[in-house]
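Sequential numbering of the sequence shown, starting at -6, is according to my numbering. Below is one structure, written out as structure tokens, with a few remarks after it.
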Amino acid sequence: MTIDMDTMLAKIKDRQWALADIDWDAPGAETISDEFRPKLKAFMADLCWIENIGARGFAALAKKAPTTTLAEIYRYFHAEEQRHANAELALMKRWGMLDDGEMPEPNVNIRLAMQWLDTYADGMSLSILGTVIPMLEVALDGALLKFLLDEVEDPVCHQVFEKINNDESRHLAVDFEVLNMIGHAKARRLAIDFVGNVASPGLIIGALMYLPLLNRVRNEMEDMGMEPERLYNAVKRFKQLGERGEYTWRVPTYQVLKRHAAMVVNPRHPYHLLANSMVWLSERYPRPLLKPVPSWFKELTYEPAA
């Protein structure tokens, strides 16, 4: 079913929320055990930064949008992803994981992803960004957030992620509608766009950044006890949502990411020898070569502003 983007934009505007809507001092913070706290802190820090990576991706998509309505939707999504990151920071603060003024340190793979986004994202085509973003959002919504809600009993956490999940469901609806729209293009145009991007330094560097980042998050989730089935089901959902669209299957990037994701969730696939080696190598990346954390880092705050 085709989405009316004007109706969707009106719904997005109507469903906005703020950190000030949450009672951050409500009971429940004590449900986080001292044993679980360090792992949860690392998980939440990564989650917060992944939200910001999504925000930067939507900012780039807003510049590629074929209509003013879609561009405005992407600008709202950009702001919503930043709000999600701020809400996750506020949860970390509530759980005693952050001191006053402290911000979580992004790991090296996230730093490299930020560096790539700031350098190349604005030059990527709609078909590339429009496929990678929904893949990350399906993984986030279908595996990470649901896992967190099963592991954490704090009712404030559940209240926050109910709001985040509602936002993400609208993001996914628009993401896959746009993918279907991209697939409606002529085959020759799709092929030229795909080949032109595959041969570009930006996409090659992006792949070298994307593979270890995804495997690092996957490994951390397994260390926390997440069943492989969760990731498998998330990837299955990416495929199912794509198959609902009449033309999505024609997008080459969708087909590539669908096959790559199937390798990621198969723990016995030889692919992990490569990806985990890249994680190991990235840990040894010379820190002086990393660029400063981008300026949009300063927009992060756990303060419950309206």
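Even glycine gets a Cβ: it sits at the ideal position worked out from N, Cα and C.
field: Anticipated Cβ contact below 8 Å, Y225 with V258, distance rounded
entry: Yes, Y225 and V258 are in contact; Cβ-Cβ is about 5 Å, under 8 Å.
| field | Assigned exposure category for W273 - 16 Cβ within 10 Å defines buried | value | exposed
Could you tell me whether the Cβ atoms of L137 and L33 are closer together than 8 Å?
The answer is no: Cβ separation not under 8 Å.
Hey, L110 and G195: beta-carbon distance below 8 Å or not?
-> No, these two residues do not count as a Cβ contact at 8 Å.
* Nearest to L2 (by Cα), restricted to the options D14, A64, E28 and K56 -> A64
query: What runs of the beta strand (DSSP E), each 3 residues or longer, lie entirely inside the stretch 59 to 124?
result: none
When DSSP labels each residue in this structure, what does M174 get in the three-state scheme? helix
With a threshold of 16 other CB atoms inside 10 Å of the CB of L266, please say whether the residue is buried or exposed. exposed
query: Any idea what DSSP makes of E130, helix, strand or coil?
result: helix
Fill in: Best match in C150, A132, A166 and F29 for proximity to P221 [C-alpha to C-alpha]
A132
Check whether the Cβ atoms of A22 and D147 lie closer than 8 Å to each other.
-> In this structure, A22 lies near D147, with their beta-carbon atoms less than 8 Å apart.
- request: Output the distance between the C-alpha atoms of P260 and G116, rounded to the nearest integer angstrom.
  value: P260 and G116: Cα-Cα distance of roughly 34 Å.
**Q.** K364 to I103 span [Cα, whole Å]
**A.** In the structure displayed, the chain extends from -6 to 299; residue 364 sits before or after that span and is not available.
Verify whether the separation of the beta carbon atoms of V286 and A254 is less than 8 Å. no
Taking the C-alpha atoms as reference points, what is the distance between E81 and E74? 11 Å
Buried versus exposed call for T57 [16 or more other C-beta atoms within 10 Å across all chains shown]: Rather than Thr, the amino acid found at residue 57 in this sequence is Lys. Classified as buried, K57 has 16 or more neighbouring CB atoms from the shown chains inside 10 Å of its CB.
Secondary structure at P263, three-state DSSP: helix, strand or coil? Coil.
* Asked: Residues in its own chain within less than 6 Å of M217 by CB, not counting five upstream and five downstream?
  -> Closer than 6 Å at the Cβ level, and outside the excluded window around M217, lie K32.
Give a yes or no on contact between the stretch 8 to 16 and the stretch 114 to 128, applying the rule of three or more CB pairs nearer than 8 Å.
no
### Message
Closest to Q9 by C-alpha separation, out of R223, V153 and N100, would be which residue?
### Response
V153
**Study point:** Buried or exposed by the 16-neighbour rule on C-beta atoms within 10 Å, applied to E170
**Key:** buried
*asked:* For P245, report the span of its alpha helix (DSSP H) as first-last.
replied: P245 to V257
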